[in-house]
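Enquirer:
Protein chains in written order, with my numbering: chain A, 1 to 174; chain B, 1001 to 1414.
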């Protein structure tokens, strides 16, 4: 009699605990999910930028999704440096051509991929690091003229946000 | 136990008190608990002033919660209002400057007391059996303290607040695959923003009270084993103990007052010396300050983070440095507790303390050249101390025979 009853009791306990566990986990979903960005934050406004005032060698910082985006009008030397870098020298190997739509214009997120600081190099007076691009003052990451990581703790290149050229001198980010 | 309750089932009938005290005690046994655990509680009579820092830390915690409540009456947790509301506390709120400076400096002194308290545990072997759980609860509180201090430092919404929060929360993005999703979940936005400061304010409160809860566990576990003491020997008779009150209460009060006089000096003459001037500039998400440093009490761990030239590795080493300390009760193989009787381990522990201060200095310097090298050596020693020296020295060293509490006191007099 008791031999028969014990497995039945075990089964009831186990299924009750399982059901309770699944229930508790399901209940947690809306609470955890509520911590994510709300719909208003997600409704990412796209940003349109007129590039005409940017002279060769100048840079512009615009805000997209609350983050700075670097737009750089690259000089011939910048472009050559970026093109002539051997992929073997890159911690996060990527061709320059895969990172730009038009060689003259580099558009990257201005957020260091290490711990999120904004690298220096946008102003002409800024230090640009050892590779002529950007230098992150927080933990010493150096980026080149294609926004690729060359030296320092950052693991990956500065990401390229989604953007399109509306005309030759006008882009839309997002 | 009365005749109507032969098995002693009813707790209400067991109170040793009468009258109003007895009426309360038989319903809420706090009176008898306080008497047993705080008035008559026996402690070794050889305690030195190192043993006062637990009590001092507790007073700091109480002070932080009290000042925090009054700051909370005026503070507004939003990206638009936070900085201005703190400035209003400093300029317009009656005595607001005093309450805020107290809150800010109490944190630093809380950490000073805690660092000394942890050193005491290491030097005199308080982490060893049977006090492992006292130690583990202590380290847990230490980690919660760091989290709470970090969250609190974000709230004034200055440049250092903002970029400190950015850098520290980005540590989570080092987690493979799901790191970025976790980061967004924590921040409630794609960057540190309005949603972030709002939830950090709530969590700052929540964790502060979680620490209070853990203090209870810390003390319960401590009172099961009783206090350690400089000899590391357990009391052999009642003669080797004194009652907590009045001996320890008076001594700890004395130490606390002395400690708070130093706090008062900093508070009234150099209230910003432990802070950073950049935090009086309102947060600007577009510009990172040229040299960002965390608060001084995070610097040793920041140095460890930067010593490792790999993002994930650095993060693991930083968190691992504290978690690894939690293994010490099991990694230390020596049968002798106190460094007074351990000729080799004593220098290992002292070097660990000096190394901690060196790392603290390195964490405040730019991550380049010699500073990185020294940080790496310091980081290496940190882990060497825990994983190699603790088991090895305990095994190889010949400790002296620990003195009993009475003999120790006699030898000190002689």
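Think of the CB as a built atom: it goes at the ideal place given N, C-alpha and C, for glycine as much as any other residue.
Give me the chain A residues within the contact set of residue 1292 of chain B, using Cβ-Cβ distance strictly less than 8 Å, ordered along the chain.
Expert: Going along chain A in sequence order, the residues near residue 1292 of chain B (Cβ under 8 Å) are 117, 137 and 138.
Enquirer: Any idea what DSSP makes of residue 72 of chain A, helix, strand or coil?
Expert: Three-state result, residue 72 of chain A: strand.
Enquirer: Between the alpha carbons of residue 1161 of chain B and residue 1121 of chain B, how many angstroms are there, rounded?
Expert: Rounded to whole angstroms, residue 1161 of chain B to residue 1121 of chain B spans 32 Å at the Cα level.
Enquirer: Below 8 Å between beta carbons is the criterion; list the residues of the region 31-53 of chain A that meet it against any residue of chain B, in chain order.
Expert: Here the close residues are 32, 35, 36, 37, 38 and 41.
Enquirer: Run the CB neighbour count on residue 50 of chain A, radius 10 Å, all protein chains shown included, and call it buried at 16 or more, exposed below.
Expert: Counting Cβ neighbours within 10 Å, residue 50 of chain A comes out exposed, since fewer than 16 surround it.
Enquirer: Hey, residue 59 of chain A and residue 67 of chain A: beta-carbon distance below 8 Å or not?
Expert: It is not a contact, given that the beta carbons lie outside the stated cut-off.
Enquirer: Using Cβ-Cβ distances below 7 Å, what residues of the region 1344-1377 of chain B are close to chain A?
Expert: From the region 1344-1377 of chain B, only 1367 and 1368 have a Cβ closer than 7 Å to chain A.
Enquirer: So with CB distances below 7 Å, who are the chain B contacts of residue 66 of chain A?
Expert: Near residue 66 of chain A (Cβ distances below 7 Å), the residues of chain B are 1189, 1190, 1191, 1193 and 1285.
Enquirer: Enumerate, from N- to C-terminal direction, the unbroken beta strand (DSSP E) stretches of 3 or more residues contained entirely within the region 26-61 of chain A.
Expert: Complete beta strand (DSSP E) runs here, min 3: 47-50.
Enquirer: Taking its Cβ as the centre, do 16 or more other Cβ atoms sit within 10 Å of residue 159 of chain A, making it buried, or is it exposed?
Expert: Exposed, by the Cβ-count rule.
Enquirer: Where residue 1103 of chain B and residue 24 of chain A are concerned, what is the direct C-alpha to C-alpha distance, given to the nearest angstrom?
Expert: Taking the straight line joining both Cα atoms gives about 39 Å.
Enquirer: If I measure Cβ to Cβ from residue 1141 of chain B and keep anything under 6 Å in the same chain, skipping five residues before and after, which residues do I get?
Expert: Correct list, in chain order: 1211 and 1214.
Enquirer: Measuring CB to CB, does residue 1336 of chain B end up less than 8 Å from residue 1230 of chain B?
Expert: Not a contact, by the Cβ cut-off of 8 Å.
Enquirer: For residue 102 of chain A, does the three-state DSSP call read helix, strand or coil?
Expert: It is a strand residue.
Enquirer: Assign residue 1018 of chain B to one of three DSSP states: helix, strand, or coil.
Expert: Correct three-state label for residue 1018 of chain B: coil.
Enquirer: Can the beta-carbon of residue 1115 of chain B be found closer than 8 Å to that of residue 1154 of chain B?
Expert: Cβ atoms of residue 1115 of chain B and residue 1154 of chain B: not closer than 8 Å.
Enquirer: Going by beta carbon distance, what residues of the same chain come within less than 6 Å of residue 1408 of chain B, once the five residues before and after it are set aside?
Expert: Result list for residue 1408 of chain B: 1046 and 1231, in chain order.
Enquirer: Could you check whether residue 109 of chain A and residue 164 of chain A sit closer than 8 Å to each other, using their CB atoms as the reference points?
Expert: The answer is no: Cβ separation not under 8 Å.
Enquirer: Please state whether the Cβ-Cβ distance between residue 1134 of chain B and residue 1191 of chain B is less than 8 Å.
Expert: In this structure, residue 1191 of chain B does not lie closer than 8 Å to residue 1134 of chain B by Cβ.
Enquirer: Can you look up residue 144 of chain A in the DSSP assignment and give me helix, strand or coil?
Expert: Three-state DSSP puts residue 144 of chain A in a strand.
Enquirer: Apply the 10 Å Cβ neighbour rule to residue 153 of chain A and answer buried if 16 or more other Cβ atoms are within range, or exposed otherwise.
Expert: So residue 153 of chain A ends up on the buried side.
Enquirer: Using three-state DSSP, classify residue 7 of chain A as helix, strand or coil.
Expert: Correct three-state label for residue 7 of chain A: helix.
Enquirer: So is residue 7 of chain A in contact with chain B if we call contact Cβ pairs under 8 Å?
Expert: Residue 7 of chain A does not count as touching chain B.
Enquirer: Based on the DSSP secondary-structure assignment, which residues constitute the bridge partners of residue 167 of chain A?
Expert: DSSP, once it has assigned bridges, lists A:170 as partnering residue 167 of chain A.
Enquirer: Is the region 1332-1346 of chain B in contact with the region 1236-1243 of chain B, if contact means three or more CB pairs nearer than 8 Å?
Expert: Result no; under three Cβ-Cβ pairs closer than 8 Å.
Enquirer: Where does residue 175 of chain A fall in DSSP's three states?
Expert: Any property of residue 175 of chain A remains undetermined from this structure, which presents chain A solely from 1 to 174.
Enquirer: So residue 1093 of chain B and residue 1149 of chain B are supposed to be a Cβ contact under 8 Å. How far apart are they, rounded?
Expert: The Cβ separation is near 23 Å, so there is no contact.
Enquirer: If you measure between the beta carbons of residue 1031 of chain B and residue 1017 of chain B, is that distance less than 8 Å?
Expert: Closer than 8 Å, so yes.
Enquirer: Step through the CB atoms of chain A and report whether any lies within less than 8 Å of the CB of residue 1001 of chain B.
Expert: Since pLDDT at residue 1001 of chain B reaches only 45, below the 50 mark, its modelled position is unreliable, and the value read off the structure follows with that caveat. Chain A, which has no Cβ nearer than 8 Å to the Cβ of residue 1001 of chain B, makes this no.
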